[in-house]
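Numbering (our numbering), first residue to last: 4 to 520.
Think of the CB as a built atom: it goes at the ideal place given N, C-alpha and C, for glycine as much as any other residue.
Data first, discussion second: the structure below is written as structure tokens.
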């Protein structure tokens, strides 16, 4: 992953964590505020319920209309509070409290009606029984506090039956008063329970807020800092390794940075390390090429001097041997005839070596012109067929359908392929498959040429020395053919590589630039 992506990902993670924390904190704040509001509501309801019970008791004791009015005022306020809290979805307990308050209000209305009917009946009785007028106010005063006791007094005083309306009203009044007191106690219990629940929820919300501040926030900050430190540490570690490698390279002691594959490419530091390793590979290749060039120059200088010094004596020996060969007749002993033949043949061989030495040392610069590649290959193979037997060689040329024009020196490049084809035929002992293929790489503007044979192959040790002058595996070879091939390819700004395995053949891979001038 690239550093830019890592930084973006780190920023995104940090931003996401911050957003989550802010959102969590906001939601928790809303929850705390809600619970505090519920706590305030529960405290208000509890306070008003207690006031309601106080005025209720005062009304039952003193029958004061102001106390009755106060009861209805508190009932209305409690109902309004419950209605508002119900609109915010405060829970089942408030709904139950609301139902209890409604029932309380209805029963209080019934008590008021019963008291009104009882007062009317009592007024009627007092008019017809004036002798008890002094007792009736006491009975009236005690009717709300002790309805059943008042009923017993009235039964004895006026000889009333149990079914009398007067007595029935007092019994109903007693039942309603008991129910209203029970409902009042339930309202108190509900308000206390609601207050307790609200306090527990508020404490829980505050605890969560404290936990987030004390634990969650530091935890996420620790994770964010940890991830950042891991990324920075990894980058610095690899940069330190690269710095050490650069310092060693500056001291001409090149060191590869190991542990980083060519296809890894995780971030820019890895790419930098890969480029550094690639640069090292190229430097080593260039060092080998420079060493090869120095070796070729030294050998070329030496060979040029030797060739020039040998050329004149060889010409004299060749001319003398040719003259003697013409003048020797059958009367001479056979060993003399054979000796002259050997002198002539070995002189020809040495002249050939000198000729190749001169060709190797001249180093003529290419004179490129445009030529069709397939035509070049066919002409080279025809020249080989004129020199060595290719009857049992199965030659194939694989090339794109479209013609490929290359800008090269035809004579020099033909010499390259003649040498390679002849070596291939000799490696196969005159029988086998010789395949030539070409493939243009338009991205790099190169032509890739492969020459593969099914010969005996080469060892790794031989491959490493194959382009060195005078190195040969043949009994009568000069070791200059592939060195000349190498020079020609390099002068054409190309490259030549060899792949081979014992018993499985050899493949030469040539890379030539596709240029028009």
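Asked, Found
"Exposed or buried, which one is residue 448 when buried takes at least 16 other CB atoms within 10 Å?", "exposed"
"Give me the Cα-Cα distance between residue 450 and residue 517, rounded to the nearest whole angstrom.", "6 Å"
"Work out the CA separation of residue 222 and residue 282 for me, nearest whole Å.", "45 Å"
"How many Å lie between residue 168 and residue 61 at the Cα?", "27 Å"
"Mark residue 495 as exposed unless 16 or more other C-beta atoms lie within 10 angstroms of its C-beta, in which case mark it buried.", "buried"
"Locate the alpha helix (DSSP H) running through residue 1, then write down its first and last residues.", "In this structure the chain extends from 4 to 520, so residue 1 is not present and cannot be described."
"Can you give me the Cβ contacts of residue 192 inside the same chain, cut-off strictly under 8 Å, excluding the 5 residues immediately before and after it?", "none"
"The alpha helix (DSSP H) spanning residue 153 covers which residue range?", "150–161"
"For the putative contact between residue 154 and residue 173, defined by C-beta atoms under 8 Å, what is the C-beta separation to the nearest angstrom?", "4 Å"
"In whole angstroms, give me the CA-to-CA distance for residue 264 and residue 424.", "The pLDDT assigned to residue 264 is 48, lower than 50, so where the model puts this residue is not dependable; a value taken from the coordinates is nonetheless given after this. One C-alpha to the other measures close to 37 Å."
"My assumption, with CB atoms under 8 Å, is that residue 48 sits in contact with residue 78. Please give the rounded CB distance.", "About 12 Å separates the two Cβ atoms, so there is no contact after all."
"Tell me residue 398's beta-bridge partners as DSSP assigns them.", "437"
"On the premise that residue 197 lies in contact with residue 96, defined as a C-beta separation below 8 Å, what is that separation, rounded to the nearest angstrom?", "5 Å"
"Mapping DSSP to helix, strand and coil, what is residue 408?", "strand"
"Find out if the Cβ-Cβ distance for the pair residue 124, residue 63 is shorter than 7 Å.", "no"
"Let's test the definition: count the other Cβ atoms within 10 Å of the Cβ of residue 58 and tell me whether it reaches 16, buried, or not, exposed.", "buried"
"Below 7 Å CB to CB, which residues in the same chain sit around residue 3 once its five sequence neighbours on both sides are set aside?", "Examination of residue 3 is not possible in this model, given that the chain is present from 4 through 520 alone."
"Should residue 508 be labelled buried (16 or more other beta-carbon atoms within 10 Å of its own) or exposed?", "buried"
"Are the region 328–347 and the region 375–391 touching by the rule of at least three beta carbon pairs closer than 8 Å?", "no"
"Short of 7 Å in beta carbon distance, which residues of its chain neighbour residue 354, apart from the five on each side in sequence? Order them along the chain.", "317 and 321"
"With 7 Å as the threshold, decide whether the Cβ of residue 322 is near any Cβ in chain B.", "No chain B is part of this structure, which consists of one protein chain only."
"Would you mind stating whether residue 405 and residue 371 have Cβ atoms separated by less than 7 Å?", "no"
"Since residue 452 and residue 501 are thought to touch, with beta carbons under 8 Å apart, how far apart are those beta carbons, to the nearest angstrom?", "About 13 Å; that fails the 8 Å criterion."
"Which residue marks the beginning of the beta strand (DSSP E) containing residue 499, and which one marks its end?", "498–503"
"When you compare only the Cα positions, how much space is there between residue 203 and residue 194?", "14 Å"
"Is the beta carbon of residue 499 less than 7 Å from the beta carbon of residue 491?", "no"
"For the alpha helix (DSSP H) that residue 485 lies in, which residues bound it at each end?", "484–494"
"Based on Cα-Cα distance, which residue from 65, 66 and 76 lies nearest to residue 51?", "76"
"Taking residue 56 as the reference, give the member of 456, 189, 112 and 410 with the closest Cα.", "189"
"If you draw a straight line from the C-alpha of residue 114 to the C-alpha of residue 210, how long is it?", "48 Å"
"According to DSSP, which residues form a beta bridge with residue 375?", "408"
"Our contact map puts residue 458 next to residue 416 with C-beta atoms below 8 Å; I'd like the distance itself, whole angstroms only.", "Not a contact, Cβ separation roughly 23 Å."
"Judging by CA-CA distance, which residue of 379, 401, 484 and 337 is the nearest neighbour of residue 357?", "484"
"Hey, how far is the Cα of residue 91 from the Cα of residue 27?", "Model confidence at residue 91 stands at a pLDDT of 49, short of 50, so the residue's coordinates are unreliable and nothing is read from them."
"So, helix, strand or coil for residue 353, using DSSP?", "helix"
"From this set, 20, 156 and 382, which residue's C-alpha is nearest residue 400's C-alpha?", "382"
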